[in-house]
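Asker: Read in UniProt numbering, the sequence shown has 136 at position 136, and its numbers run on one by one without any break. Beta carbons are placed, not taken as given, at the ideal position from N, Cα and C, and that holds for glycine. The model shown is predicted, which means the values in this text are computed figures rather than measured ones. Mind looking over this structure? Questions follow.
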Amino acid sequence: MSELQEGQKAAVCEELEIQRAKLKTLKSCRLGGPSGIVIPPYRVMQRAETDSWHLRASNHDEYVFCHNDLSQQNIIVDPITLKIKAIIDWEYAGFFPPSFDYPFYNRLGPSSAINGEVDDSLDLLQFLRSEKLSLSTLR
Numbered sequence: 001m002s003e004l005q006e007g008q009k010a011a012v013c014e015e016l017e018i019q020r021a022k023l024k025t026l027k028s029c030r031l032g033g034p035s036g037i038v039i040p041p042y043r044v045m046q047r048a049e050t051d052s053w054h055l056r057a058s059n060h061d062e063y064v065f066c067h068n069d070l071s072q073q074n075i076i077v078d079p080i081t082l083k084i085k086a087i088i089d090w091e092y093a094g095f096f097p098p099s100f101d102y103p104f105y106n107r108l109g110p111s112s113a114i115n116g117e118v119d120d121s122l123d124l125l126q127f128l129r130s131e132k133l134s135l136s137t138l139r
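Structure follows, in structure tokens:
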């Protein structure tokens, strides 16, 4: 997607919003990936003091499936039809609050705040910290 002209990107973004909406219909009461491993988005991992997360489950399916790394370079598009052929790099994907899946594909660059954008990484990290199980619960 990063190699398309701006006018072409708008059509791809429309299709991408449809795909994101479909992903968000997948819900869970548990944070993290389908296997149970929690790998927060890269922008959160940069600030985290741990890479091992043991988080409590919710009482209801409030978390939605998020890709968490939707930058233009991770969206493969047919340059003729402008249809999405693949979305790659799913290592940060999992069930999280919808706010975790920021639409970084709206501009070139990494899946983190740049050029004066609001950096939400500390807020997301604080949320994850608030959901951590205590050590006594883990024993």
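Does DSSP classify A11 as helix, strand or coil?
Answerer: Counting from 1 along the sequence shown, the entry for residue 11 is found at position 11. In this structure, A11 counts as helix in the three-state DSSP scheme.
Asker: Under 8 Å, do Q19 and L82 count as touching if we go by C-beta distance?
Answerer: For the purposes of this step, residue 19 is taken as residue 19 along the sequence shown, with counting starting at 1. For the purposes of this step, residue 82 is taken as residue 82 along the sequence shown, with counting starting at 1. Their beta carbons are not under 8 Å apart, which means Q19 does not touch L82 by this criterion.
Asker: Which residue wins for smallest C-alpha separation from D69, given the options S99, F95, R56, W90?
Answerer: Taking the first residue of the sequence shown as position 1, residue 69 is located at position 69. Here the closest residue by C-alpha is W90.
Asker: Give the range of the beta strand (DSSP E) segment to which V77 is assigned.
Answerer: Walking along the sequence shown from the start, residue 77 turns up at place 77. Segment 75-77, the beta strand (DSSP E) holding V77.
Asker: Could you compute how far the alpha carbon of L133 sits from the alpha carbon of S58?
Answerer: For the purposes of this step, residue 133 is identified with residue 133 of the sequence shown, where counting begins at 1. For the purposes of this step, residue 58 is identified with residue 58 of the sequence shown, where counting begins at 1. Whole-angstrom Cα-Cα distance: 12 Å.
Asker: From this set, D78, H54, I75, which residue's C-alpha is nearest S35's C-alpha?
Answerer: For the purposes of this step, residue 35 is taken as the residue at position 35 of the sequence shown. If we check each option's Cα against that of S35, H54 comes out closest.
Asker: Considering F127, what are the terminal residues of the beta strand (DSSP E) in which it resides?
Answerer: Position 127 of the sequence shown holds residue 127. Counting along the chain, F127 falls outside any beta strand (DSSP E), though it belongs to the alpha helix (DSSP H) covering 121-130.
Asker: Comparing C-alpha positions only, which one of E49, Q73, A93, F104 sits nearest to Q126?
Answerer: Mapped onto the sequence shown, residue 126 falls at position 126. Q126 has its Cα closest to that of E49, out of E49, Q73, A93, F104.
Asker: Between which two residues does the beta strand (DSSP E) containing V64 stretch?
Answerer: If you number the sequence shown from 1, residue 64 lands on position 64. It spans 63-66 - the beta strand (DSSP E) in which V64 sits, taken as one unbroken run.
Asker: Who are the Cβ neighbours of W72 in its own chain at under 7 Å, not counting the five residues just before and after it?
Answerer: Along the sequence shown, one-based indexing puts residue 72 at 72. Per the sequence shown, residue 72 should be read as Gln rather than Trp. Taken in chain order, the residues that qualify are M1, S2, Y105, L108.
Asker: Assuming I75 and V12 make a contact with CB atoms under 8 Å, what is their CB distance in whole Å?
Answerer: Your numbering for residue 75 matches position 75 in the sequence shown. Your numbering for residue 12 matches position 12 in the sequence shown. Sure, about 7 Å apart at Cβ, within 8 Å.
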